[in-house]
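A.B. asks:
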Amino acid sequence: MQLSRGLSRPGGHRMLKTPHVSIKKVRFVYDDGTEALKGVDLEINHGERIGLAGVNGSGKTTLCKQMNGLLAPSAGSVTVDGITTSESDVSSLSKRVAYLFQNPDHQIFCSTVTEEISFGLKNLGLETGSIDRRVQQYLGLLGLEEYADKPPLTLSLGLRRLVSIASTLAMEQDLAILDEPAAWLDYAQTRKAVSAIKQISDKGRTVIVVTHNMKVIAELTDRLIVMSEGNIAADGPTRELLSNPDALWGFGLVASPVSTLAGKLGWNKPGRFISTPSDFVSAMRTSNGGGDAVGPR
Amino acid sequence: MSMFVRQTLHDEHPYVKYNFYKQRPGRIARKPWVVSMPVISVRDASFRYLGQKGQALNHLSLDIHGGELLLVLGGDCSGKSTFCKLLNGLIPHEVKGEFSGEVLLNGRSTKSMSTGEIVRDVGLALQDPDVQLFTDSVEEEVAFGPENLGMHVDAIDANVSRALKMTGISALRGKSPSALSGGQKQRLAIASVLSMAPKVVVLDEPMSMLDPRGRVEFLQMLGGLRDEQGIAVVLTSPEAEDILPFCDRIAVLNGGSLVGVGTPAEMLTSSDGLTSLGIEPPQLLTLSESLSREGLLQNSRTFFDEGSALAALSRSLTARRP
Amino acid sequence: MQLVLVDIYVPKDTMLHRLDPRAKIIGALLLTVLCFFLTSIIFLVLLLIFLQILIVTTGIKWRSYSSSVWLVARFSIILVLLWPFFDKMGDPVLLDLWAYKVTLPALLRSSIVALRLFVIASGWLILLISTRQGNLVRGLVKLGCPYDFGISLSIGLRYIPNFIGVIEMIKEAQLSRGLDLKKGGPITRARNLIPVLIPTFVIAIRTIEGLSSALVSRGYGASAERTFYRDIRMRISDAVVVGILTTVVPLLIVLDITNMVAI
Chain A
6 MQLSRGLSRP GGHRMLKTPH VSIKKVRFVY DDGTEALKGV DLEINHGERI GLAGVNGSGK
66 TTLCKQMNGL LAPSAGSVTV DGITTSESDV SSLSKRVAYL FQNPDHQIFC STVTEEISFG
126 LKNLGLETGS IDRRVQQYLG LLGLEEYADK PPLTLSLGLR RLVSIASTLA MEQDLAILDE
186 PAAWLDYAQT RKAVSAIKQI SDKGRTVIVV THNMKVIAEL TDRLIVMSEG NIAADGPTRE
246 LLSNPDALWG FGLVASPVST LAGKLGWNKP GRFISTPSDF VSAMRTSNGG GDAVGPR
Chain B
28 MSMFVRQTLH DEHPYVKYNF YKQRPGRIAR KPWVVSMPVI SVRDASFRYL GQKGQALNHL
88 SLDIHGGELL LVLGGDCSGK STFCKLLNGL IPHEVKGEFS GEVLLNGRST KSMSTGEIVR
148 DVGLALQDPD VQLFTDSVEE EVAFGPENLG MHVDAIDANV SRALKMTGIS ALRGKSPSAL
208 SGGQKQRLAI ASVLSMAPKV VVLDEPMSML DPRGRVEFLQ MLGGLRDEQG IAVVLTSPEA
268 EDILPFCDRI AVLNGGSLVG VGTPAEMLTS SDGLTSLGIE PPQLLTLSES LSREGLLQNS
328 RTFFDEGSAL AALSRSLTAR RP
Chain C
155 MQLVLVDIYV PKDTMLHRLD PRAKIIGALL LTVLCFFLTS IIFLVLLLIF LQILIVTTGI
215 KWRSYSSSVW LVARFSIILV LLWPFFDKMG DPVLLDLWAY KVTLPALLRS SIVALRLFVI
275 ASGWLILLIS TRQGNLVRGL VKLGCPYDFG ISLSIGLRYI PNFIGVIEMI KEAQLSRGLD
335 LKKGGPITRA RNLIPVLIPT FVIAIRTIEG LSSALVSRGY GASAERTFYR DIRMRISDAV
395 VVGILTTVVP LLIVLDITNM VAI
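Here you go:
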């Protein structure tokens, strides 16, 4: 798979010529000797919408933690916005990098949802007026208005997750790393989270979504990076990768049912990518389904 | 040894296989509820957690039959986890709250049984694997349940090896549970339940931390469990998509009430209906509805699985060829 | 993926590891009792050195060892430092600050207590480093402890490294939201710990609730007679060690009481 440099989205813009995140020859070895990253090279440009997939243990989380300073590379360098992460600390980097963790209970501690969302904003040093405005904005974005004054610890798991998503996104950093944003959410809540993430990436923020949910990746990303055993195994346009069910299975991932169906009908070809129902419907509209294939293979 | 063994210390003969279902020749029929009595019968169960305002379960009635894989589908706060606790006796014996109604296990009410008796037949793996670890090695963890039941050491040995093999973690036998990844811990929690050789295995969101391939392998394993050993498997999940090819029936919960139960074909008819219940409609269902709306589908019947999709599409495509 | 684990047990196969847990439990107990009779600093120091050598043979990593030692050391140092508030008797007086008076005999007394702490801690540490949790429980049960106690202890021990891991994860999550644990005076720093302490507390409670449900679900208490899958067996060498311990230690105590040996 070719390394795609700086995809510009329709309606998006390339802010600066220098990459937002630059990862050069990064190796990482844990204290117990496991080599989680074996020489990773990666460049992410401003405004990109990136999916990071791979089986458990492939190094996705380790790579992400390099970007906000939680881990420092054993070899190589990681720069975000020109700042070398190993020379900075997590709190200062948190002004530029948002990190959504999987378990909301690791973050929630305030007595109301409003306070919880304000926590990160206070740490950024914003003034009260802006904090209130942002809190209202993000409460609305994630459908949490009715819970604004409730203690987040008494809410159900899905709602707690939405609160932690709101708290993380509200800080509006330029780079947002979201670890399994759809985890612990039911369908309605996932829709809210996905639309919130779409909105923030539409505003030009660089978003990295770490997940193995191919449907979420199809909706939220333009570029998909697949990791395997500490290396980047594939890096290319999302639609292209998602339309190759065999390749995905090789990486331990499963293509969406529509993709697999299109594959069985012989409709997935270079230049013709079917990964969502709407793609399929448009393909079906053109009388023989996109190309020469007529009927199942 | 291909079956889980239930021999206890007090049994005389080793390796006594506990055949509670007559061995059927060939595969167990897909609709056993037609012929056999339900293993668990939930009758008008209602439950409210102590200190909470809403009902967690609302007059729920459902039968669970041996040899079936039942998917309990529901969104956040639908009562899925509470339902699981109802099945293994945690409600009403351990969890504080108001309980009304009845749960019959093999014809006996769980209220009149002790949890010790109930858990011999009904195994439950909770949602969070981190709160279900008691020992410092995987092997001991899987042996913990059978030890508590007083099983014979040889039976424990057989069951532990079998459970580890089925969940794919035999290689981790000597490791400390703290050193495992989230997905591995989930498999461990399930292996620990399987080794107790229950008749019903209840799993609360058992795949939330598995990667897609892991999920497929896991579901294949559960299907095998149901087919080979006649064990009833109850599985909860917020989404149905990948589970559909494996389940026999789907029960949909919403707000503590049972909205409907039936085969996938009976339950998955409308994506709007499912969405209104907080459940993600299968992608192929949405596809078939979009195609029908545009008149691109031959007989406008919706589908949700690949086989029917291919059949319907090839018909439609051939029909449109000049 | 897990990061650094702080596990007390060291998974190796040394002489001490192979020793029956009952021998080690009896040893730690007898050592604790003995310490209350020991007053000779020299003897205590020698005993301490001997125990540290034993600890080294278990193959423990320096980092784990030093953190355990540091834990006890901090406690002892605080003890010695606070002692002069309460025990001011004897001559010569080394430091006199009215409420805080350090005298040489009192200093020696506090040092003895501190050393005793170290010795007792070392004894129990040897037990925990070289004994698997499961074997520890079996040892306790075979020595007469009720199984409930044994399992509570082992679950507690099992969750210590877990919780340290959880606290680390909570800290990471809160740091990523801009929490700064380094700046500010002691009051600000203490207040900044709240975002870490509350989630820890909450997770602790949820874990306890989950554990009790899980214990029931796994049949705890279902059978009056519980099987033990992997059992421990006392070998001759283990019996010899127990024999030596149960004769030497009481002998020392008796000799000490009757003032025949000044230890």
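Protein chains in written order, with our numbering: chain A, 6 to 302; chain B, 28 to 349; chain C, 155 to 417.
All C-beta atoms, glycine included, are put in the ideal place defined by N, C-alpha and C.
In this text the structure is predicted, and so the values were computed from the model without any measurement.
Within the same chain, show all residues whose beta-carbon is closer than 7 Å to that of C:Asn289, passing over the 5 residues directly before and after it, in chain order.
C.D. replies: Pro175, Ile386
A.B. asks: For chain C, is any of its Cβ atoms less than 9 Å away from the one on B:Met28?
C.D. replies: Since pLDDT at B:Met28 reaches only 35, below the 50 mark, its modelled position is unreliable, and the value read off the structure follows with that caveat. So no, B:Met28 is outside the interface.
A.B. asks: So which of A:His111, A:Lys65, A:Val199, A:Gly44 has the shortest CA-CA distance to C:Ile352?
C.D. replies: A:His111
A.B. asks: Below 9 Å on C-beta distance, what does A:Asn61 contact in chain B?
C.D. replies: In chain order: Ser208, Gly209, Gly210, Gln211, Met236, Leu237, Asp238, Gly241.
A.B. asks: Decide if C:Lys336 is buried, meaning its Cβ has at least 16 other Cβ atoms within 10 Å, or exposed.
C.D. replies: Classification for C:Lys336: exposed.
A.B. asks: Secondary structure at A:His111, three-state DSSP: helix, strand or coil?
C.D. replies: Assigned with DSSP and collapsed to three states, A:His111 falls in helix.
A.B. asks: Per the contact definition of three or more C-beta pairs closer than 8 Å, is the segment 210 to 222 of chain B in contact with the segment 167 to 176 of chain B?
C.D. replies: yes
A.B. asks: Run through DSSP, which three-state label would C:Pro315 get?
C.D. replies: helix
A.B. asks: Is the shortest distance between the beta-carbon of B:Arg214 and the beta-carbons of chain C less than 9 Å?
C.D. replies: It does not: the Cβ of B:Arg214 has no partner Cβ on chain C nearer than 9 Å.
A.B. asks: Taking A:Ile55 and A:Ile202 to be in contact with their CB atoms under 8 Å, please state how far apart those CB atoms are, rounded to whole angstroms.
C.D. replies: Their Cβ separation, rounded to whole angstroms, is 12 Å, which puts A:Ile55 and A:Ile202 out of contact at 8 Å.
A.B. asks: DSSP puts B:Asp90 in a beta bridge; with which residues?
C.D. replies: B:Asp90 is bridged by DSSP to B:Ser68.
A.B. asks: Applying the criterion that 16 or more other CB atoms from any shown protein chain within 10 Å of the CB defines a buried residue, is C:Arg345 buried or exposed?
C.D. replies: exposed
A.B. asks: Does the Cβ-Cβ distance between A:Val85 and A:Leu180 come in under 9 Å?
C.D. replies: Cβ atoms of A:Val85 and A:Leu180: closer than 9 Å.
A.B. asks: Over the uninterrupted beta strand (DSSP E) stretch that includes B:Pro186, give me the two end residues.
C.D. replies: Looking at the sequence shown, residue 186 of chain B is not Pro but Asn. Note, B:Asn186: premise wrong, no beta strand (DSSP E); alpha helix (DSSP H) at 180 to 193.
A.B. asks: Span of the alpha helix (DSSP H) holding B:Ile145?
C.D. replies: 142 to 148
A.B. asks: Which chain A residues are close to C:Leu333, counting only those with a beta carbon under 7 Å from its beta carbon?
C.D. replies: Ser96, Asn128
A.B. asks: Give, in chain order, every residue of the segment 313 to 337 of chain C whose Cβ lies closer than 7 Å to some Cβ of chain A.
C.D. replies: Met323, Ile324, Glu326, Ala327, Gln328, Leu329, Ser330, Arg331, Gly332, Leu333, Asp334
A.B. asks: Using a threshold of 9 Å, state whether the C-beta atoms of C:Arg320 and C:Val187 are closer than that.
C.D. replies: It is Val, not Arg, that sits at residue 320 of chain C in the sequence shown. The answer is no: Cβ separation not under 9 Å.
A.B. asks: Measure the alpha-carbon distance for C:Leu329 versus A:Gly81 and round it to whole angstroms.
C.D. replies: 24 Å
A.B. asks: Between the segment 356 to 377 of chain C and chain A, which residues of the former have a C-beta closer than 9 Å to a C-beta of the latter?
C.D. replies: The residues in question are Val356, Ile357, Arg360.
A.B. asks: Select from the segment 117 to 143 of chain B all residues with a C-beta closer than 9 Å to any C-beta belonging to chain C, and list them in chain order.
C.D. replies: Leu117, His120, Glu121, Val122, Ser141, Thr142, Gly143
A.B. asks: If you drop the 5 nearest sequence neighbours on each side, which residues of the same chain put their C-beta closer than 8 Å to that of C:Phe190?
C.D. replies: Cβ within range, chain order: Arg270.
A.B. asks: Of the residues that make up the segment 100 to 116 of chain B, which ones have a beta carbon closer than 9 Å to any beta carbon in chain A?
C.D. replies: Gly101, Gly102, Asp103, Cys104, Ser105
A.B. asks: Does B:Pro225 come out as helix, strand or coil in the three-state DSSP assignment?
C.D. replies: In the structure shown, B:Pro225 sits in coil (DSSP, three-state: anything other than H, G, I, E or B).
A.B. asks: DSSP on C:Thr168, reduced to helix/strand/coil?
C.D. replies: Reduced to three states, the DSSP call for C:Thr168 is coil.
A.B. asks: Determine the direct distance from the alpha carbon of C:Gly244 to that of C:Phe272, and round the result to whole angstroms.
C.D. replies: 25 Å
A.B. asks: Less than 9 Å between the C-beta atoms of A:Leu167 and A:Val215, yes or no?
C.D. replies: No; because the gap between Cβ atoms is not below 9 Å, this pair is not in contact.
A.B. asks: With C-beta atoms as the reference, is B:Asp231 less than 9 Å away from B:Thr263?
C.D. replies: yes
A.B. asks: Can you list, in chain order, the residues of its chain whose CB lies under 7 Å from that of C:Ser305, leaving out five sequence neighbours each side?
C.D. replies: The sequence given here places Ile at residue 305 of chain C; Ser does not occur at that position. Same-chain partners within the cutoff: Val291.
A.B. asks: Quick check on A:Val26 - is its C-beta less than 9 Å from some C-beta in chain C?
C.D. replies: no
A.B. asks: Would you call C:Asn413 buried or exposed, if buried means 16 or more other Cβ atoms sit within 10 Å of its Cβ?
C.D. replies: exposed
A.B. asks: Are there 16 or more other CB atoms within 10 angstroms of the CB of C:Ile214, so buried, or fewer, so exposed?
C.D. replies: Answer is buried; the Cβ neighbour count reaches 16.
A.B. asks: Which partner residues does C:Val256 have in the DSSP bridge list?
C.D. replies: Bridge partners of C:Val256 according to DSSP: C:Leu249.
A.B. asks: Is there a C-beta anywhere in chain A that falls below 9 Å from the one on B:Ser317?
C.D. replies: It does: the Cβ of B:Ser317 has a partner Cβ on chain A nearer than 9 Å.
A.B. asks: What is the rounded straight-line gap between the Cα of C:Thr401 and the Cα of B:Thr142?
C.D. replies: 47 Å
A.B. asks: So C:Pro353 contacts chain A; which residues on that side make the cut at Cβ distance below 7 Å?
C.D. replies: The answer, in chain order, is Asp110, His111, Gln112, Ile113, Phe114.
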